[in-house]
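If you use our numbering, the sequence shown corresponds to residues 1 to 110, in order.
Quick notes on the structure that follows.
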Amino acid sequence: MLDRTQPDASLNAEDISSSIAIDTAAADNPPGQGWRWPLAWLRRAGQYFFALSFSSLTRRIVSLNLAGLVALVASILYLSQFRAGLIDALAQSLLVQADIIAGAIAASAT
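Below is the structure:
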């Protein structure tokens, strides 16, 4: 019964013709064609809702607030890297000062 080339003997003529029509309709529409119309409709509905729910002033305010937030996060990330570099430089300068003080103490002790 896995071979679909031969019609089933238990089916009558109407069932055979309807199954052939369904098979040809499925062959005519490639995959994904059936979803284009609902997706386009949803996209248009979303754009319409967005246009009605947010005025241009609201969009400007939100976009500027988001830009400010991005700038704040970027500066925090940049400054945290810069701060780590400053801490390393401070530790290195403390080591150099310790060497200078140790040399001065050693020179004065002898």
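Just so you know, even glycine gets a beta-carbon here, dropped at the ideal spot from N, CA and C.
Since the model is a prediction, treat every value here as computed from it, not as a measurement.
Note down the Cα distance separating S56 from W41, rounded to an integer number of angstroms.
Translated into the one-based positions of the sequence shown, residue 56 becomes position 56. Translated into the one-based positions of the sequence shown, residue 41 becomes position 41. Going from the Cα of S56 to the Cα of W41 covers about 23 Å.
Can you tell me the Cα-Cα spacing of I87 and V96, whole angstroms?
Indexing the sequence shown from 1 puts residue 87 at position 87. Indexing the sequence shown from 1 puts residue 96 at position 96. Their Cα atoms are separated by approximately 14 Å.
Tell me which residue opens and which closes the alpha helix (DSSP H) that F82 is part of.
Translated into the one-based positions of the sequence shown, residue 82 becomes position 82. S56 to A109 is the extent of the alpha helix (DSSP H) around F82.
Among residues of its own chain, excluding the 5 on either side of R60, which ones have a beta-carbon nearer than 7 Å to its beta-carbon?
In the sequence shown, residue 60 corresponds to position 60, counting from 1. Around R60: no qualifying Cβ.
Work out the CA separation of A74 and G136 for me, nearest whole Å.
Lying before the first or after the last residue shown, residue 136 is absent from the chain, which here runs from 1 to 110.
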